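Below is one structure; the comments refer to it alone.
Number of protein chains: 2
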Amino acid sequence: MQARSPVEWPMLSEFDLIKRYFRRARTGNAVLGIGDDCALLAPSPGMQTAISTDLLVEGRHFFAGADARMLGHKSLAVNLSDLAAMGAKPVAFTLALSLPGADPEWLEAFSTGMFALADLHDCELIGGDTTRGPLAICITVFGEIAPGHALRRDAARAGHDLWISGTLGDARLALAGYWKEIALDPEVLALAAPRMHQPTPRVELGRALSALPIGHAALDISDGLVGDLQHILDASKVGATLDVDALPAGPALAGQALALRRRFTLAGGDDYELCFTAPASQRDAVIAAAGSANTPVTRVGTIDAQPGLRFVDAAGKALEMDVQGWDHFSGE
Amino acid sequence: MQARSPVEWPMLSEFDLIKRYFRRARTGNAVLGIGDDCALLAPSPGMQTAISTDLLVEGRHFFAGADARMLGHKSLAVNLSDLAAMGAKPVAFTLALSLPGADPEWLEAFSTGMFALADLHDCELIGGDTTRGPLAICITVFGEIAPGHALRRDAARAGHDLWISGTLGDARLALAGYWKEIALDPEVLALAAPRMHQPTPRVELGRALSALPIGHAALDISDGLVGDLQHILDASKVGATLDVDALPAGPALAGQALALRRRFTLAGGDDYELCFTAPASQRDAVIAAAGSANTPVTRVGTIDAQPGLRFVDAAGKALEMDVQGWDHFSGE
Numbered sequence: 001m002q003a004r005s006p007v008e009w010p011m012l013s014e015f016d017l018i019k020r021y022f023r024r025a026r027t028g029n030a031v032l033g034i035g036d037d038c039a040l041l042a043p044s045p046g047m048q049t050a051i052s053t054d055l056l057v058e059g060r061h062f063f064a065g066a067d068a069r070m071l072g073h074k075s076l077a078v079n080l081s082d083l084a085a086m087g088a089k090p091v092a093f094t095l096a097l098s099l100p101g102a103d104p105e106w107l108e109a110f111s112t113g114m115f116a117l118a119d120l121h122d123c124e125l126i127g128g129d130t131t132r133g134p135l136a137i138c139i140t141v142f143g144e145i146a147p148g149h150a151l152r153r154d155a156a157r158a159g160h161d162l163w164i165s166g167t168l169g170d171a172r173l174a175l176a177g178y179w180k181e182i183a184l185d186p187e188v189l190a191l192a193a194p195r196m197h198q199p200t201p202r203v204e205l206g207r208a209l210s211a212l213p214i215g216h217a218a219l220d221i222s223d224g225l226v227g228d229l230q231h232i233l234d235a236s237k238v239g240a241t242l243d244v245d246a247l248p249a250g251p252a253l254a255g256q257a258l259a260l261r262r263r264f265t266l267a268g269g270d271d272y273e274l275c276f277t278a279p280a281s282q283r284d285a286v287i288a289a290a291g292s293a294n295t296p297v298t299r300v301g302t303i304d305a306q307p308g309l310r311f312v313d314a315a316g317k318a319l320e321m322d323v324q325g326w327d328h329f330s331g332e
Numbered sequence: 333m334q335a336r337s338p339v340e341w342p343m344l345s346e347f348d349l350i351k352r353y354f355r356r357a358r359t360g361n362a363v364l365g366i367g368d369d370c371a372l373l374a375p376s377p378g379m380q381t382a383i384s385t386d387l388l389v390e391g392r393h394f395f396a397g398a399d400a401r402m403l404g405h406k407s408l409a410v411n412l413s414d415l416a417a418m419g420a421k422p423v424a425f426t427l428a429l430s431l432p433g434a435d436p437e438w439l440e441a442f443s444t445g446m447f448a449l450a451d452l453h454d455c456e457l458i459g460g461d462t463t464r465g466p467l468a469i470c471i472t473v474f475g476e477i478a479p480g481h482a483l484r485r486d487a488a489r490a491g492h493d494l495w496i497s498g499t500l501g502d503a504r505l506a507l508a509g510y511w512k513e514i515a516l517d518p519e520v521l522a523l524a525a526p527r528m529h530q531p532t533p534r535v536e537l538g539r540a541l542s543a544l545p546i547g548h549a550a551l552d553i554s555d556g557l558v559g560d561l562q563h564i565l566d567a568s569k570v571g572a573t574l575d576v577d578a579l580p581a582g583p584a585l586a587g588q589a590l591a592l593r594r595r596f597t598l599a600g601g602d603d604y605e606l607c608f609t610a611p612a613s614q615r616d617a618v619i620a621a622a623g624s625a626n627t628p629v630t631r632v633g634t635i636d637a638q639p640g641l642r643f644v645d646a647a648g649k650a651l652e653m654d655v656q657g658w659d660h661f662s663g664e
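Protein chains in written order, with our numbering: chain A, 1 to 332; chain B, 333 to 664.
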């Protein structure tokens, strides 16, 4: 699966390296795994293939010198999170790696973190590519979903409840600590940090929701709730009212001041929770699905026919939230 | 399909950029294309999915400042070449792009080159990811193939003929010209250069070979014939005898001295021709398949039970070829 051109310095140990760290006993998901021009998958009869790709670049998606084991986990987790948001069952993935050099310790740790998560979801590494270059990781992930059961962004309807899995904001709080935007107690940072480094893709919840008979809209929150929710509103041509004080803050963020709680739950980033909608008549079914997936869910608002996003507090009073300003702030 | 973490500076125009250059009228291959957490493919009943991924990094796989239109072509071509080597029919691809900035001229040219080739093969862009970072392109490509028809590296058998599509060495000759390893007439460089910048994936030939009733081994030659052929020999646990003077040199290389012709046909790079094997009884069938694919093929040797790779000249006389030394040379 090489695409090496003569411009490239040969990574002399490339084949040994692949064998040593990335070739494993086969789990049997694929007809043909690593080692040929292509991998071969035999899709289950009647099922559709869900596909997502993410490119993570050092200094942009993760700090230079990031812990390789956690990075291996996170690189796959953000892709599995996309499958979760579609309701698909993970099957396989490919890995393209650009590495400044072949550091055995780094490769050992990276592959260990990646495969620990892959094994948890029976997701097989079926192929890839390695090259020397700036550290970058491109994973493409494949899942299966029954026709008509995908959780699409265009399926939100006026009157639907708006739901969030898990908690929001701790990853953003950890980043604020690292960046020294705010002074964080070391214990608070230690509590928040795993949410930034080792997100949990909500695969079981996505699958449980997609198995429900009624269509739901869903996506995974990677860039902050407000920005990501807007994609559902745009695709479904609806609006929403968000109960800002119902948003479940992560355990570290929960101890911070109200203004920060609101800001980091609404416009954090790296949450990798699911945001989804469901008819109000389906509340019990949603709660049962979440229970079967062992994943907490919280109802945080409603979908409206009126376009735009409105904010209310616990008392139902309208709030003005300058989310645009936060986006700017968090980005610069 | 984002995986942006808060470490990332938001690429403010990312969504506009995707819409403008990469979102197109649907060709209908996918159930769901760009714009959700995952794309959805509905595999044809009974068919297997062939998957390959390649990561191209600036300064390694292409020169800094490379022509964007040709780069768009080449990025997809090297992936389609992997489908060709498997005998699969192209269906769709994903594109992950790391860009130093959003340069409209570059994006326009890159997408034009990429889509021109994609359209030729009815291969639909179904999803992707964009980020700021060092220029890098990761494409993952999906094709369809009937079970048992894939051209696998482990299918070579003693007594098989060894075949090559098209011609070899012109891409390497162009590189030698750019690098000033050798002094090339401008007309010779102009003749050779398209083979380096705009390779032709042998999709039709691969599909025609995979439709033949008898199993064949195949791969695409990206790192030089000798090195790549070794993968077939290893996977099939066989050896080979190569008629060095039967190797078809490209039109530019054909005018060079014998020693250079031999070296660049045997250990060039970026050829993206198919190297394949077939029983001697299938010669007419292979030639008919190549004719139907409008692709020249040349018989260049035989597969042997004895391990290792042997070289002979036109008279059948054994040749000593220090290919290892060339590899070293071309790589450093």
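Using N, Cα and C, we set each Cβ at its ideal position, and we do this for glycine too. These numbers come from a predicted model, not from an experiment.
1) Can you tell me which of the three DSSP states residue 410 of chain B falls into?
2) Looking only at its own chain, which residues have a Cβ that is under 6 Å from the Cβ of residue 221 of chain A, when we skip the five neighbours before and after it?
3) With a CB to CB cut of under 6 Å and the five nearest residues on each side skipped, what residues in its chain are close to residue 78 of chain A?
4) Could you list the residues in the region 123 to 137 of chain A with a C-beta less than 7 Å from some C-beta on chain B, going in chain order?
5) Give me the Cα-Cα distance between residue 391 of chain B and residue 402 of chain B, rounded to the nearest whole angstrom.
6) Using a beta-carbon distance below 8 Å, is residue 98 of chain A in contact with chain B?
7) From the beta carbon of residue 380 of chain B, is the nearest beta carbon of chain A less than 8 Å away?
8) Looking at the structure shown, is residue 180 of chain A part of a helix, part of a strand, or coil, going by DSSP?
9) List the residues of chain A whose Cβ lies closer than 8 Å to the Cβ of residue 418 of chain B, in chain order.
10) Quick one: Cα of residue 255 of chain A to Cα of residue 190 of chain A, how far?
11) Could you spell out where the alpha helix (DSSP H) holding residue 625 of chain B opens and where it closes?
12) Classify residue 437 of chain B: buried if its beta carbon has 16 or more other beta carbons within 10 angstroms, exposed otherwise.
13) Report the residue ranges of all alpha helix (DSSP H) runs contained in full by the region 569 to 635 of chain B; include only those spanning at least 4 residues, in chain order.
14) Please name the residue or residues paired with residue 421 of chain B in a DSSP beta bridge.
15) Could you give the DSSP three-state label for residue 39 of chain A: helix, strand or coil?
16) Please check the pair residue 96 of chain A and residue 455 of chain B, which I expect to be a contact at CB under 8 Å, by giving their CB distance rounded to whole angstroms.
17) Residue 51 of chain A versus chain B: which residues are under 7 Å apart at the beta carbon?
18) By DSSP, does residue 546 of chain B sit in helix, in strand, or in coil?
19) Starting from residue 140 of chain A, find everything on chain B with Cβ-Cβ shorter than 7 Å and list it in chain order.
20) Apart from the five residues just before and just after residue 662 of chain B, which ones in its own chain have a Cβ nearer than 6 Å to its Cβ?
21) If residue 299 of chain A and residue 232 of chain A are in contact, beta carbons under 8 Å, what's the gap, nearest whole angstrom?
22) Does the CB of residue 661 of chain B have a neighbour CB from chain A at under 8 Å?
23) Taking all protein chains shown into account, do 16 or more other C-beta atoms lie within 10 angstroms of the C-beta of residue 334 of chain B, making it buried, or fewer, making it exposed?
24) Output yes or no for whether 8 Å exceeds the beta carbon distance between residue 302 of chain A and residue 162 of chain A.
25) Cα-Cα, which of B/497, B/547, B/526 and B/465 is closest to residue 487 of chain B?
26) Using a cut-off of 8 Å between C-beta atoms, extract the partners of residue 260 of chain A located in chain B.
27) Residues of chain B with a CB under 8 Å from the CB of residue 266 of chain A: which are they?
28) Between which residues of its own chain and residue 639 of chain B is the CB-CB distance below 8 Å, once the five residues before and five after are set aside?
29) Indicate whether at least one CB of chain A lies closer than 8 Å to the CB of residue 552 of chain B.
30) Which residues does DSSP pair with residue 125 of chain A in a beta bridge?
31) Would you identify the three-state DSSP class for residue 430 of chain B, choosing helix, strand or coil?
32) Please report whether the beta-carbon of residue 57 of chain A lies at a distance below 8 Å from any beta-carbon of chain B.
33) Looking at the C-beta of residue 482 of chain B, does it have a partner C-beta in chain A at a distance below 8 Å?
34) Quick check on DSSP: helix, strand or coil for residue 139 of chain A?
35) Where residue 169 of chain A and residue 562 of chain B are concerned, what is the direct C-alpha to C-alpha distance, given to the nearest angstrom?
36) For residue 83 of chain A, which residues in chain B fall below 9 Å Cβ to Cβ?
On the basis of the data shown:
1) helix
2) 228, 271, 273 and 275
3) 54
4) 126, 127, 128, 129, 131, 132, 133, 134 and 136
5) 15 Å
6) yes
7) yes
8) coil
9) 36, 37, 38 and 40
10) 14 Å
11) Counting along the chain, residue 625 of chain B falls outside any alpha helix (DSSP H), and DSSP gives it neither H nor E.
12) exposed
13) 590 to 598 and 615 to 624
14) B/476
15) strand
16) 19 Å between Cβ atoms; not a contact.
17) 370, 371, 373, 426, 458 and 459
18) coil
19) 385, 426 and 472
20) In this prediction, residue 662 of chain B scores a pLDDT of 37, lower than 50, which makes its location untrustworthy; the coordinate-derived value is nonetheless stated afterwards. So the list is empty, once near-sequence residues are dropped.
21) That belief does not hold up - the Cβ atoms of residue 299 of chain A and residue 232 of chain A are roughly 15 Å apart, past 8 Å.
22) Because residue 661 of chain B carries a pLDDT of 33, less than 50, the predicted location of this residue cannot be relied on, and the following value inherits that uncertainty. Chain A contact via Cβ: absent.
23) Any reading at residue 334 of chain B must be qualified, since the residue scores a pLDDT of 39, below 50, and its modelled position is unreliable; no value is offered.
24) yes
25) B/547
26) None at all; the shortest Cβ gap to chain B is about 14 Å.
27) Near residue 266 of chain A there are no residues of chain B at all, since even the closest Cβ is about 14 Å away, more than 8 Å.
28) 565, 569, 570 and 571
29) yes
30) A/93
31) strand
32) yes
33) yes
34) strand
35) 52 Å
36) 369 and 370
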